[in-house]
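Student:
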Amino acid sequence: MVKNFAVIGCGRFGRAVATTLYKLGHDVLAIDKDEEVIQNIADDVTRAVTAIPDESALRDLGVADCDIVIVSMGSDVESSVITTLIVKELKVPYVICKAGSEIQEKILYKIGADRVISPERDSGVKLAKNLVSENILDKIDLDPDYTLFEILTPAKWVGKSLIELDIRKKYHLNIVAIKKLKKFMITPNPEEKLEENYTILLVGSNKSIRQFEQKIKEEII
Numbered sequence: 135m136v137k138n139f140a141v142i143g144c145g146r147f148g149r150a151v152a153t154t155l156y157k158l159g160h161d162v163l164a165i166d167k168d169e170e171v172i173q174n175i176a177d178d179v180t181r182a183v184t185a186i187p188d189e190s191a192l193r194d195l196g197v198a199d200c201d202i203v204i205v206s207m208g209s210d211v212e213s214s215v216i217t218t219l220i221v222k223e224l225k226v227p228y229v230i231c232k233a234g235s236e237i238q239e240k241i242l243y244k245i246g247a248d249r250v251i252s253p254e255r256d257s258g259v260k261l262a263k264n265l266v267s268e269n270i271l272d273k274i275d276l277d278p279d280y281t282l283f284e285i286l287t288p289a290k291w292v293g294k295s296l297i298e299l300d301i302r303k304k305y306h307l308n309i310v311a312i313k314k315l316k317k318f319m320i321t322p323n324p325e326e327k328l329e330e331n332y333t334i335l336l337v338g339s340n341k342s343i344r345q346f347e348q349k350i351k352e353e354i355i
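Residues in the sequence shown are numbered consecutively from 135, following the numbering used here.
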């Protein structure tokens, strides 16, 4: 499924995210205040625009219609915080920010960022590939055979309980926790009805995860 992304701030990290998403077949709007930066990325994204990311500009550019926005302005703390606030006010479903320090990371989470990336531990290419694994947000390799991973609630799971979904039997995956309204349920109620944008933490074999990802891509979940 093609998604709409906006990348605000197209330095090295932002460029890596934007160009990788575009290569993977998604619609990417790249925004940067530096015209030269935009000229250099224009051929590698769907649309590239030179703009100062204030509320009026972002609204006019259609950022509110994006599925995911990446704010990649880590070195400019003030601009990063203000831009994140604006994007959240535009009701974008999922906002990812780049942080240049641990303090900035805490601030960005406090003001509503759904995920904060540190370039020291996350590469732009890795982030882009995780994002387009449909609902998969992040993965952590536990050993060569097993992986812990996060997903947003798949569309066809919304409104269904864990009992109805029977994830362990159907997908050979185990639910570790569910994040609801920024609170983790370590032992979720099996009768809990899943809602859109819940974060679900699962663990399973790499083979089971690959099969799960393929089913998402085929939209048969």
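Glycine is no exception: its CB is placed at the ideal position from the N, C-alpha and C atoms. Remember, predicted model here, so these are calculated numbers, not experimental data.
Helix, strand or coil for residue 338, going by three-state DSSP, please let me know.
Tutor: strand
Student: Kindly indicate which three-state DSSP category residue 320 falls into: helix, strand or coil?
Tutor: coil
Student: Pull up the distance between the alpha-carbon of residue 308 and that of residue 158, whole angstroms please.
Tutor: 29 Å
Student: Does the Cβ of residue 162 have 16 or more other Cβ atoms within 10 Å, making it buried, or fewer, making it exposed?
Tutor: buried
Student: Tell me the residue span of the beta strand (DSSP E) that contains residue 284.
Tutor: Here the beta strand (DSSP E) through residue 284 covers 280-286.
Student: Jot down the residue ranges of each uninterrupted beta strand (DSSP E) in the segment 199-223, minimum 3 residues, whole runs only, in chain order.
Tutor: 202-205
Student: Are at least three pairs of beta-carbons, each pair with one atom in the segment 234-252 and one in the segment 166-180, less than 8 Å apart?
Tutor: no
Student: Taking only the alpha-carbon atoms, compute the straight-line gap between residue 181 and residue 150 and give it to the nearest angstrom.
Tutor: 15 Å
Student: Short of 6 Å in beta carbon distance, which residues of its chain neighbour residue 355, apart from the five on each side in sequence? Order them along the chain.
Tutor: Residue confidence is low: residue 355 scores 42 on pLDDT, short of 50, so the model does not pin down where it sits. No coordinate-derived value is stated.
Student: Around the C-beta of residue 339, are 16 or more other C-beta atoms found within 10 angstroms, so that it is buried, or is it exposed?
Tutor: exposed
Student: DSSP on residue 158, reduced to helix/strand/coil?
Tutor: coil
Student: Could you check the C-alpha separation between residue 187 and residue 323 for me, to the nearest Å?
Tutor: The straight-line gap from Cα to Cα measures roughly 42 Å.
Student: Figure out for me which residue from 326, 245, 330 has the closest Cα to the Cα of residue 296.
Tutor: Closest option to residue 296, Cα to Cα, is 326.
Student: From residue 191 to residue 303, what does the alpha carbon distance come to, in whole angstroms?
Tutor: 48 Å
Student: If you run the structure through DSSP and keep just helix, strand and coil, what is residue 190?
Tutor: helix
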